[in-house]
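Residue numbers (UniProt numbering), protein chains in the order written: chain S, 1 to 71; chain W, 1 to 71.
All C-beta atoms in this analysis are idealised placements derived from N, C-alpha and C, irrespective of residue type, glycine included.
Protein chains: 2
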Amino acid sequence: MNNRLKILRAERSWSQGDLADRLGVSRQSVNAIETGKYDPSLPLAFRIAELFGLAIEQVFSSPTQHQSKAI
Amino acid sequence: MNNRLKILRAERSWSQGDLADRLGVSRQSVNAIETGKYDPSLPLAFRIAELFGLAIEQVFSSPTQHQSKAI
DNA sequence: AGGCAATGTAAAGCAGGCTTGACTAACGGG
DNA sequence: CCCGTTAGTCAAGCCTGCTTTACATTGCCT
Numbered sequence: 001m002n003n004r005l006k007i008l009r010a011e012r013s014w015s016q017g018d019l020a021d022r023l024g025v026s027r028q029s030v031n032a033i034e035t036g037k038y039d040p041s042l043p044l045a046f047r048i049a050e051l052f053g054l055a056i057e058q059v060f061s062s063p064t065q066h067q068s069k070a071i
Numbered sequence: 001m002n003n004r005l006k007i008l009r010a011e012r013s014w015s016q017g018d019l020a021d022r023l024g025v026s027r028q029s030v031n032a033i034e035t036g037k038y039d040p041s042l043p044l045a046f047r048i049a050e051l052f053g054l055a056i057e058q059v060f061s062s063p064t065q066h067q068s069k070a071i
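Next comes the structure, spelled out in structure tokens:
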């Protein structure tokens, strides 16, 4: 499960701690999700998508889905 | 976290066991998700959405999002 | 050099997702 | 009436998401 969290966060110049506060989770959770240690729960995935104003599919990509190679 | 799993499943005339097989989880997991006992993991939510050809947001609705009252 | 912010990482523990196995109840078909 | 299918539920156990605390590293600023 890849995700664009690090990019979206960097676009807004937020630290991992900033993002964690906005999501109501710990900084370590944000770091673990960004570095692919584990996947967020579905409710947290919803909060993340809402925070960035995107659909879940635009933030996270299932490994079973094929990726578009270019933007 | 509400979901339309039961409706989507009924539209296809699948039993909980059928759906569980297609998703690669147990029948009890499907039942628990349908009856709101717990939320699926994000990877499972992706598999569910893909199986029905819908976006995750079209299957699950975050409690923080306001629902449309009619279809 | 020393201090601070940001990131990465680890250990221990709690909460929640998911499994298997089993039991119950409702239903329709022989 | 019995049988098979479906659905709901419970219990025990395992694995994963998430927490807190803590430490190491890098880079920037005085």
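Assuming residue i and residue j form a contact by the criterion Cβ under 8 angstroms, report the distance between their Cβ atoms to the nearest whole angstrom.
i	j	result
W/L23	W/L51	7 angstroms
Report yes if the CB atom of residue i is closer than 8 angstroms to the CB atom of residue j, and no otherwise.
i	j	result
S/L42	W/D39	yes
S/R9	S/G17	no
W/A55	S/A32	no
In angstroms with no decimal places, state the Cα-to-Cα distance between residue i and residue j.
i	j	result
W/I7	S/S61	25 angstroms
S/A49	W/S13	32 angstroms
W/V25	S/L19	33 angstroms
S/V30	W/E11	38 angstroms
S/E34	S/G53	18 angstroms
S/Q58	W/S15	31 angstroms
S/D21	W/D21	39 angstroms
S/F46	W/R47	16 angstroms
W/N3	S/G36	27 angstroms
Please confirm if residue i has its CB atom under 8 angstroms from at least one CB of chain S.
i	result
W/L5	no
W/L42	yes
W/F52	no
W/I48	no
Are the C-beta atoms of residue i and some chain W residue less than 8 angstroms apart?
i	result
S/F60	yes
S/A45	yes
- Could you please tell me which residues of the stretch 8–36 of chain S, in chain order, have their CB closer than 8 angstroms to any CB of chain W? Within the stretch 8–36 of chain S, no residue places its CB atom closer than 8 angstroms to a CB of chain W.
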